[in-house]
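Report on one structure; see the data block that follows.
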Amino acid sequence: MNGWLLSRPLTAYSLLHMPFQQTGIPDLLIYEPKVFGDHRGYFFESYNASTFSAEGIEYKFVQDNQARSTYGVLRGLHYQLEPYAQTKLVRVLEGSIIDAVVDIRKGSPTYGKSFAIELSASNKLQLLVPKGFAHGYAVISETAEVMYKCDNFYHKGSEGGIIYNDPALGIDWGINLDDAVVSDKDLILPTLAEIQHNFIFNS
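Numbering (this note's numbering), first residue to last: 3 to 205.
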């Protein structure tokens with residue numbers, strides 16, 4: 003299998019309050035905001051440009067997308083071709099999802115590798131998905147509300163994707179795929195070996 007799954011942050015990582023965690027795939031990062039809680043509830047900054055800039059991560063997000071889905075809904079795997087490619091910062095406002103990506107940057111040492119992580123309203127983790135990745139998610143709770151920031155606008159003519167059940171990807175979506183609720187458009191996406199794209203890895 004080419005993929006791997008991370009379901010929770012590392013203990014040492016949480017204790018040190020380091021904002022970003024490496025995933026083993028270049029440029030693909032997990033962001034864990036610092037949460038301040040007391041008897042009233044909690045407060046945290048879900049995004050702060052200065053926090054990202056301090057780590058050398060510079061993006062100008064221009065669009066926020068939000069979607070609500072029920073258990074078993076599987077969206078993906080999607081991307082937009084250059085020059086309309088999007089970096090995404092994905093988080094969950096309600097419920098839980100398995101968020102999955104595939105590195106499709108030509109020349110990348112992890113080309114064709116997949117990565118999956120559980121994002122939830124309770125763990126408050128976010129996944130920073132750079133340009134050059136196919137992205138999707140499956141809902142593993144009764145309902146889930148997902149929000150993601152994008153650094154480029156939606157452009158229908160540049161849409162592309164990979165079929166979610168491509169055996170070459172080895173993605174564990176956290177649900178029985180026989181029960182997956184998938185759009186007609188996503189059901190006819192090509193495999194990784196069949197896709198045409200223009201992403202180049204910049205080391």
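Note that the Cβ used here is the ideal one computed from N, Cα and C, for glycine as well.
At least 3 beta-carbon pairs within less than 8 Å: the segment 40-54 vs the segment 107-121: no
Of the listed residues Asp-188, Leu-171, Leu-127, Leu-194, nearest to Glu-47 (C-alpha basis): Within the sequence shown, residue 47 is the residue found at index 45, counting from 1. Ranking Asp-188, Leu-171, Leu-127, Leu-194 by Cα distance to Glu-47 puts Leu-127 first.
The segment 141-152 touching the segment 28-41, judged by at least three CB pairs closer than 8 Å: no
Okay, do the segment 121-135 and the segment 90-109 touch, 3+ Cβ pairs below 8 Å being the bar? yes
Simplified DSSP assignment, three categories, for Gly-134: The residue given as residue 134 occupies position 132 in the sequence shown. It is coil, neither helix nor strand.
Pick helix, strand or coil for Glu-1, following the three-state DSSP scheme. With the chain represented from 3 up to 205, any question about residue 1 goes unanswered, as that position is not in the structure.
Excluding the five sequence neighbours on either side, which residues of its own chain have a C-beta within less than 8 Å of the C-beta of Thr-193, listed in chain order? Locating residue 193 in the sequence shown gives position 191, counting from the first residue. Ile-164, Ile-165, Asp-168, Ala-170, listed in sequence order.
Using the C-alpha atoms, what's the distance from Ser-205 back to Phe-155? Residue 155 sits at position 153 when you count from the first residue of the sequence shown. Residue 205 sits at position 203 when you count from the first residue of the sequence shown. Answer to the nearest angstrom: the Cα atoms are 25 Å apart.
Whole alpha helix (DSSP H) elements within the segment 162-193, 4-residue minimum: 186-189
Starting from Ser-110, trace the beta strand (DSSP E) in both directions and tell me its first and last residue. Translated into positions along the sequence shown, residue 110 becomes position 108. Note, Ser-110: premise wrong, no beta strand (DSSP E); not H, not E.
Please identify the residue among Leu-31, Gly-176, Ile-119, Ser-116 whose C-alpha is closest to the C-alpha of Ser-2. In the structure as shown, the chain starts at 3 and stops at 205, and residue 2 therefore has no counterpart that could be examined.
Cutoff 7 Å; reference Asp-66; Cβ partners in own chain excluding five residues on either side: The sequence position of residue 66 within the sequence shown is 64, counting from 1. Result list for Asp-66: Met-149, Lys-151, in chain order.
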